[in-house]
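Okay, structure first, notes after.
Number of protein chains: 2
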Amino acid sequence: MSLGIVILGSTGSIGTQALDVIRSMPERFRVVGLAAGSNVGLLEKQIEEFRPKAASLASIEAAHKLQERNLPGLEILTGPNAMEEMVEREDVDLVLNAVVGAAGILPTLAAIRAGKDVALANKETLVAAGNVVMEAVKEHNVRLLPVDSEHSAIFQCLQGVGDRDLHKVILTASGGPFRESTKEELERVTVGEALAHPTWNMGGKITIDSATLMNKGLEVIEAHWLFQVPPERIEVVIHPQSIVHSLVELSDGSVIAQLGVADMRLPIQYALTYPERLNSPAERLSLIEVGRLDFEAPDVERFPCLRLAYEALAVGGTFPTVLNAANEVAVQAFMQGRIGFTDIPRLIESALEQHRGVIKPDLEDILEADREGREYLIKLVNS
Amino acid sequence: MSLGIVILGSTGSIGTQALDVIRSMPERFRVVGLAAGSNVGLLEKQIEEFRPKAASLASIEAAHKLQERNLPGLEILTGPNAMEEMVEREDVDLVLNAVVGAAGILPTLAAIRAGKDVALANKETLVAAGNVVMEAVKEHNVRLLPVDSEHSAIFQCLQGVGDRDLHKVILTASGGPFRESTKEELERVTVGEALAHPTWNMGGKITIDSATLMNKGLEVIEAHWLFQVPPERIEVVIHPQSIVHSLVELSDGSVIAQLGVADMRLPIQYALTYPERLNSPAERLSLIEVGRLDFEAPDVERFPCLRLAYEALAVGGTFPTVLNAANEVAVQAFMQGRIGFTDIPRLIESALEQHRGVIKPDLEDILEADREGREYLIKLVNS
Chain F
626 MSLGIVILGS
636 TGSIGTQALD
646 VIRSMPERFR
656 VVGLAAGSNV
666 GLLEKQIEEF
676 RPKAASLASI
686 EAAHKLQERN
696 LPGLEILTGP
706 NAMEEMVERE
716 DVDLVLNAVV
726 GAAGILPTLA
736 AIRAGKDVAL
746 ANKETLVAAG
756 NVVMEAVKEH
766 NVRLLPVDSE
776 HSAIFQCLQG
786 VGDRDLHKVI
796 LTASGGPFRE
806 STKEELERVT
816 VGEALAHPTW
826 NMGGKITIDS
836 ATLMNKGLEV
846 IEAHWLFQVP
856 PERIEVVIHP
866 QSIVHSLVEL
876 SDGSVIAQLG
886 VADMRLPIQY
896 ALTYPERLNS
906 PAERLSLIEV
916 GRLDFEAPDV
926 ERFPCLRLAY
936 EALAVGGTFP
946 TVLNAANEVA
956 VQAFMQGRIG
966 FTDIPRLIES
976 ALEQHRGVIK
986 PDLEDILEAD
996 REGREYLIKL
1006 VNS
Chain P
626 MSLGIVILGS
636 TGSIGTQALD
646 VIRSMPERFR
656 VVGLAAGSNV
666 GLLEKQIEEF
676 RPKAASLASI
686 EAAHKLQERN
696 LPGLEILTGP
706 NAMEEMVERE
716 DVDLVLNAVV
726 GAAGILPTLA
736 AIRAGKDVAL
746 ANKETLVAAG
756 NVVMEAVKEH
766 NVRLLPVDSE
776 HSAIFQCLQG
786 VGDRDLHKVI
796 LTASGGPFRE
806 STKEELERVT
816 VGEALAHPTW
826 NMGGKITIDS
836 ATLMNKGLEV
846 IEAHWLFQVP
856 PERIEVVIHP
866 QSIVHSLVEL
876 SDGSVIAQLG
886 VADMRLPIQY
896 ALTYPERLNS
906 PAERLSLIEV
916 GRLDFEAPDV
926 ERFPCLRLAY
936 EALAVGGTFP
946 TVLNAANEVA
956 VQAFMQGRIG
966 FTDIPRLIES
976 ALEQHRGVIK
986 PDLEDILEAD
996 REGREYLIKL
1006 VNS
């Protein structure tokens, strides 16, 4: 029996790698829908290969271009609710959400509410709207499968572990390209330098987030929701080789880790085929070839984004929403050359300081906090 | 409900640490029987504290001494079948076999055949009699729980993993005190040097086995039987810090590892409380404090015992039995100063070369091969 799958963000880094995985096991999946932002060229190629029933483009202009190709039997969606419409289709069993940013929140919720399992690569969904999403998961009794390599690692380590036995989550971080840079050097970091990640091949936003350690901060918040662990039981360890993808400490002190080469196709495949494991084209790990694994404490002095994420999570409510919204705008402004690298945490901290939060937010509160965080930051950037 | 437990080898390193574990959870266990070799002083103290119904001593002289103490309500057993009698008692639920050497085979089999779960610290049982033991486990539907830190690690990593998903077992080895010694230096190793293990606090025989890497060879054979993996899918990796206790590679290439401080109370406790995990007095692991984990290939040129174990396992049948028997005699002769360190593999290889083996041995064949291996080696040592 093949699973009907929708991929949100199909032309991005995770989306294309997910299609690699699906290509290698054609009998397991029917690609029902593909959603992209504006890359109509690549989306068209994907449509020709995987023959989905529906495709969506966030850009209306791009959607018009696709329409002009007159692809047979293809429903083309666009507009603000296009992804939600797509995931709610009856022939969908599983939704891979690989959209970047808070734009992933509403499609994730729509999928959950329609009773679909969700493979979540969009960590901002949980960062910004963790309580609402987790309540919906519970209510609709669907699977929320992590795709992030760290959360997939934790999820894998927890197979066969009793709920009460999880004592601590230990997230590893490569440390990014500036792990050894001084504070002064960080002030002068260029966009090109920040986009050169040492171990993972990823999209632009997550690469910048890795360089600031905000990515790890967002992952701390994501882990809190996925595994129901309080922030003081989530530890971040810098591990430059990116071989140990994360670890859990159990109640007896035993530590279970998941390791592998840095290849996103592995966690993507596990999320798509869970609970089964299938052969993978990814390279096998040789510890002897790797030779050495290093671990060190993160420096929140030089990388304040990590501290800000812990602080936002500790307060809770809409504070992580604002953290995430402000970060999205700040990263974009940095990539456009409008602010410096160390302005990113500075502006986010300012957004958090001015926020008057709601502690038990509903979806409206979250969307409002997200808007507010963005607007505040856009003003700061423009001033 | 408390479990009735028998500890075979209660005055040894594993036995005393098991009693430490049991002391910390008195409501979980009734100590029904304790068996020791000749250490009547320590055994008496253990009897006074844990009040078993039965005690046994391998040494008849020591058993007489214990008899003279007139301990109330204590049945004292001795003679060749004492341990077997003890494990068959009706009030026994679990047998911890921490006897050293092939002497552990018959009590293990007696426990299994009496329907008792066995926590196995006596790896020689599986090395010498793997096929017979595993058949009995299957037939009598009991649990065989590994206590060795490496096999406990693998067993922990495999919780929640499907049978078909185990692709490879990766056993770590500290490398022993002579990891960096040259061949010439190995020729001159003294007993004192060989007994100084860098990371684990263990008994004499296993410490020498660690120094020759025969311990890892025996563990390869043990892993073969416990986890039903062919030798070509069992890898040994030298890992001097002894933090990663072992790993498994799954069918998709994902690698799961178990880590922790080097404290035998952890794997002992897991075997005794399985599938539950309880709090432990063992120190918690801090990867940041450890800082660095190294891995390298073992050198079978300098440590031929590992090669001999793989070869014996590849041929199978009674060859591992002879390997183990010859090793026991050789280690004893080395500890008595009668042979040199590098004579150990030399003599074992000679014993394997002269052996005419049985490929599907029954218990009689195994006991005969064990005797033959010992006698042959004693002759070699004396010549």
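Taken in sequence, the protein lines are chains F and P. Residue 1007 in our numbering sits at position 382 of the first sequence; the count goes up by one each step and never skips. Residue 664 in our numbering sits at position 39 of the second sequence; the count goes up by one each step and never skips. Yeah, the Cβ is synthetic: ideal placement off N, Cα and C, and Gly gets one too.
Between which two residues does the alpha helix (DSSP H) carrying residue i extend?
| i | result |
| --- | --- |
| F:K808 | 808 to 812 |
| P:D645 | 638 to 648 |
| F:S681 | Segment 679 to 682 is the beta strand (DSSP E) holding F:S681; no alpha helix (DSSP H) there. |
| P:V767 | It is not in any alpha helix (DSSP H) - P:V767 carries neither H nor E in the DSSP assignment. |
| F:E805 | It is not in any alpha helix (DSSP H) - F:E805 carries neither H nor E in the DSSP assignment. |
| P:G998 | 988 to 1007 |
| F:T624 | Given a span of 626 to 1008 for chain F in the structure shown, any question on residue 624 of chain F remains unanswerable. |
| P:E713 | It is not in any alpha helix (DSSP H) - P:E713 carries neither H nor E in the DSSP assignment. |
| P:V786 | Where P:V786 is concerned, there is no enclosing alpha helix (DSSP H), given that its DSSP letter is neither H nor E. |
| F:L891 | 890 to 898 |
| P:E926 | Looking at the DSSP string, P:E926 is not in any alpha helix (DSSP H), and its letter there is neither H nor E. |
| F:R981 | First-last for F:R981: undefined, no H or E at that position. |
| F:L734 | 730 to 738 |
| P:E818 | 816 to 819 |
Taking the DSSP output, what are the residues bridged to residue i?
| i | result |
| --- | --- |
| F:R909 | Paired residue(s): none; F:R909 is not in a bridge. |
| F:F959 | DSSP, once it has assigned bridges, lists no residue as partnering F:F959. |
| F:T703 | F:L682 |
| P:L745 | P:N722, P:P771 |
| F:E857 | Paired residue(s): none; F:E857 is not in a bridge. |
| P:L872 | P:I795, P:A882 |
| F:G658 | F:V631, F:A679 |
| P:V862 | P:T797 |
Go to residue i, then tell me how far its beta strand (DSSP E) extends in each direction, as first and last residue.
| i | result |
| --- | --- |
| P:A882 | 880 to 884 |
| F:K793 | 791 to 798 |
| F:L931 | Careful: F:L931 lies outside any beta strand (DSSP E), inside the alpha helix (DSSP H) at 929 to 940. |
| F:N570 | Nothing about residue 570 of chain F can be read from this structure; chain F reaches only from 626 to 1008. |
| P:N722 | 719 to 722 |
| F:S635 | Taken as a continuous stretch (DSSP letters only), F:S635 belongs to no beta strand (DSSP E), as it is neither H nor E. |
| F:E901 | Where F:E901 is concerned, there is no enclosing beta strand (DSSP E), given that its DSSP letter is neither H nor E. |
| F:R917 | 917 to 919 |
Considering only the beta carbon of each residue, do residue i and residue j sit closer than 8 Å?
| i | j | result |
| --- | --- | --- |
| F:A679 | F:L702 | yes |
| P:L843 | P:D834 | yes |
| P:L751 | P:V861 | no |
| F:D987 | F:V757 | yes |
| P:V582 | P:I737 | No answer is possible for residue 582 of chain P: it lies beyond the span of chain P, which begins at 626 and ends at 1008. |
| F:F920 | F:L838 | no |
| P:L884 | F:V880 | yes |
| F:E847 | F:D742 | no |
| F:R890 | F:Q671 | no |
Rounded to the nearest angstrom, how far is the Cβ of residue i from that of residue j, given a contact under 8 Å?
| i | j | result |
| --- | --- | --- |
| F:I630 | F:L719 | 5 Å |
| P:L938 | P:L972 | Rounded, the Cβ-Cβ distance is 19 Å, inconsistent with contact. |
| P:L633 | P:V725 | That belief does not hold up - the Cβ atoms of P:L633 and P:V725 are roughly 10 Å apart, past 8 Å. |
| F:L791 | F:L875 | 7 Å |
| F:V794 | F:V873 | 6 Å |
List the residues of chain P whose Cβ lies closer than 9 Å to the Cβ of residue i, in chain order.
| i | result |
| --- | --- |
| F:L891 | D877, G878, S879 |
| F:N722 | In chain order: nothing, as chain P lies at least about 22 Å away. |
| F:D790 | E901, R902 |
Under 7 Å from any heavy atom of the ligand GTP, does the C-beta of residue i make it?
| i | result |
| --- | --- |
| F:I913 | Because no ligand of any kind appears in the structure shown, any question about the ligand GTP cannot be addressed here. |
Find the residues of chain F that neighbour residue i, judging by a C-beta separation of less than 9 Å, and give them in chain order.
| i | result |
| --- | --- |
| P:N952 | Within 9 Å Cβ-Cβ: nothing; P:N952 doesn't reach chain F, min ~26 Å. |
| P:S905 | S876, D877, G878, S879 |
| P:G801 | Here the premise fails: no neighbours, minimum Cβ distance about 18 Å. |
Please list the partners that residue i has in chain P, where partner means a Cβ-to-Cβ separation under 8 Å.
| i | result |
| --- | --- |
| F:E805 | Within 8 Å Cβ-Cβ: nothing; F:E805 doesn't reach chain P, min ~15 Å. |
| F:Q781 | S879, I881 |
| F:L615 | The first residue shown for chain F is 626 and the last is 1008, placing residue 615 of chain F beyond what the model contains. |
Which bits of chain F does residue i rub up against, with CB to CB less than 8 Å?
| i | result |
| --- | --- |
| P:Y895 | D877, S879 |
| P:E921 | I913, G916 |
| P:Q784 | Q784, G785, V786 |
Since residue i meets chain B, which of its residues come closer than 8 Å, beta carbon to beta carbon?
| i | result |
| --- | --- |
| P:Q957 | Structure shown: chain B not included; protein chains present are F and P. |
What in chain F is Cβ-close to residue i, meaning under 7 Å?
| i | result |
| --- | --- |
| P:G885 | G878, S879, V880 |
Going along chain P, which residues have a C-beta under 7 Å from residue i?
| i | result |
| --- | --- |
| F:V862 | L912, I913 |
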